[in-house]
Amino acid sequence: MPDYMFLLESRLLPEQRAALLRVQELSAAMGYNIYLTGGTVRDLITGASLRDLDFTVEGNPSKIAHELEKGGAKLLVEDEKLRHVELLFSGDCEGSVAAARDDHYVRPGTRPEIRWSTIMEDLRRRDFSLNAIAISLNPASRGLLLDPTNGLSDVERAEVRALIIHSFTNQPVRLLRVLRFAARMGFKLEQRTQEWFDLAIERDLHHTITPEDAGTELRSLAREENPAAILKSWEEHDLLETVHPVLAKKHPDYDAINRLSKVRDDLFMAGLRPRLATPMMLAILGRLKDREQGNLLHKLGFRVAEVDHILGFEEEAHAAGKELAGKKLAAPIDAYRFLERMRTDTLAHLLAFSSISTAVSKIRAYLNKWRPLRQGIPAIVNELTTIGMPAGPKFDAVVDQVFAMQMTGRGKTPEEREKILRKLSGIKEQPKGKEKKHAGKIVGRAAPAPTGKAAAPPAKAAAAPAKNQKAAAPAKPQKKKKK
Ligand code: ATP
Ligand code: MG
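Below, the structure is given as structure tokens:
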């Protein structure tokens, strides 16, 4: 029995692992079978980053979702008819819980009748074999891979394969989806899938894609890492027209998209995991007038609040940029605190497009200097402990002060830091020969704490990373001073 659990657990972020465990626990308590499915399993197998967790349950997803809500999860969309809930698990990770179902088509292309089903039937009704794989999370078979349509071998061949001859007839939106997955993964269409695709286009099926379905695809597109490649593929196949004629006529703003994609890479290198759906949507629609953008989004079924959020985003980001460049945030420590609270999509948007140069250079300093410095805080905590400062509010204040000084270029060497730490804490150096057991010279590395264990960072000094700091790299070990 192949065990994918180890692979899964090693690839999940801590908050994703916590969400998975909680969902597993709740399902077991409710007596439901639950599986990880769809994009999550595909991305796990192909080595792509796991950006959301999609669960399928042989039971009622709302019951699970409402329990999760009590623990801090946010329900984003609850579709009672489809028994499908989209949510932000606590810890801010995205995902969905859906009931296992079969879509029964009386005739190809008619509206399907939904029947609640087992996981196997659910996998077989899906669009492409690479999306039709599941991992069991149930006690007796945890880690077992369910692959009834041989998706794994298609992944190995780097092909997207539709599952049935009526795939595109039943759901013409799959014409957009098949190109999205192929472009995203660098896969080609499997030979028969290509024939079915060509036939569907010949029969004009793409003109029957509903605006809501096209909207869902556009929303997914904006969350993609490389939307430009997908948009080009849609354009090459004359499918952009079916998303919206004005977008096809004016074309996506590829320059803006590429700038934002480049910024995403920069943020990633700095240890942040930005969610760029909103600025990316604006970049995609960048050549349209404001009014045209609004019309397009409304027509494609975006909710009013969503449209307002997208259309108001640029102005909000600009206001944040102005505040960042303002006098009130002149001190690096104040700018740092402001940036720590700033949403990563705002940060990315400013970095890619803002003309406020002071704001942009502060963001660059934040990413390339201040955040790495902040990661050195545990070393300062240890140094302060080493000279004998007890934990408490004063301890935290000293750590903060040293950090603020470091941002202005002071306290770079251990010697300089020791002087600063002693001055701020008021702890004088012991005369030679009378050193207390735990007080020692700082040599760039913590001396052992009195208990013999590594010094624990007291209170908030070693501050829990801010929301947007989750993926921060561990602090670099400091070099030992040469004797
Ligand atoms: P992404 O990384 O874009 O989220 P995804 O595969 O998770 O990719 P979703 O749109 O979130 O895509 O859909 C989740 C799963 O639901 C898919 O993997 C697929 O199995 C199934 N699915 C989605 N849309 C369709 C469809 N139109 N027809 C059949 N199955 C679908
Ligand atoms: Mg998904």
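Numbering of the sequence shown is given in my numbering, commencing with residue 5 and proceeding in unit increments. In this text, a Cβ means the ideal position worked out from N, Cα and C, and glycines have one as well.
In this structure, the beta-carbon distance from S31 to D58 does not fall below 8 Å. Around the Cβ of R196, a 10 Å sphere holds fewer than 16 other Cβ atoms; the residue is exposed. For L86, the closest of E117, L286, R111 by C-alpha to C-alpha distance is E117. In its chain, beyond the 5 residues on either side, T282, M285 have a beta carbon closer than 6 Å to the beta carbon of I314. In this structure, the straight-line span from the alpha carbon of E216 to that of L17 is close to 32 Å. Nearest C-alpha to R268 among H353, A186, T173: H353. For S140, the enclosing beta strand (DSSP E) has its first and last residue at 138-140. According to the DSSP assignment, Y39 belongs to the beta strand (DSSP E) that extends over 37-40. The three-state reading of DSSP puts K192 in strand, counting E and B together. Listed by position in the chain, the residues whose beta carbon lies within less than 5 Å of some heavy atom of the ligand ATP are G42, G43, R130, D131, N135, Q175, S224. Linking G43 to P249 through their CA atoms gives a straight-line distance of about 29 Å. DSSP places S100 in the strand class (E or B) of the three-state scheme. Around the CB of G415, 16 or more other CB atoms lie within 10 Å, so the residue is classed as buried.
Here I337 is near A408, since their CB atoms are less than 8 Å apart. One Cα belongs to E420, the other to N386, and the distance between them is close to 15 Å.
In the pairwise beta carbon analysis, the region 128-138 is classified as not touching the region 18-37: fewer than three pairs are separated by under 8 Å. Judged by their CB atoms, L72 and L80 are not nearer to each other than the 8 Å cut-off.
In this structure, T246 keeps its C-beta atom at 8 Å or more from the C-beta atom of I288.
If the five residues before and after T153 are omitted, its C-beta is found closer than 6 Å to the C-beta atoms of S133, A136, L167, all from its own chain and listed in chain order. Between S224 and A187, the gap from beta carbon to beta carbon reaches 8 Å or more. Within the model, the alpha-carbon separation for F317 versus V110 is close to 44 Å. A distance of 8 Å or more separates the beta carbons of I234 and L179. For H353, the enclosing alpha helix (DSSP H) has its first and last residue at 348-357. Look at V110 here: in three-state DSSP terms it is coil, with no helix or strand label. Taken in chain order, the unbroken stretches of beta strand (DSSP E) that lie wholly in the region 137-216 and span 3 residues or more are 138-140. For the region 338-415, the full-length alpha helix (DSSP H) segments reaching 4 residues or more read 348-357, 361-369, 375-378, 381-390, 397-411 along the chain. Excluding its 5 nearest sequence neighbours in each direction, S358 has C-beta neighbours in its own chain below 6 Å: G325, V364, listed in chain order. Boundaries of the beta strand (DSSP E) around L91: 88-93.
Annotation for L127: the continuous alpha helix (DSSP H) segment containing it runs 123-128. Y36 is not a Cβ neighbour of L141, given a cutoff of 8 Å. The DSSP assignment places no complete run of the beta strand (DSSP E) inside the region 310-340 (cut-off: 3 residues). The alpha-carbon of D270 is positioned some 15 Å away from that of K366.
Of the candidates T41, G63, P65, V61, the residue whose Cα lies closest to the Cα of L54 is T41. The bridge partners DSSP lists for W120 are R105. Assigned with DSSP and collapsed to three states, K78 falls in strand.
Nearest to G330 by alpha-carbon distance, out of L301, S361, E229, is S361.
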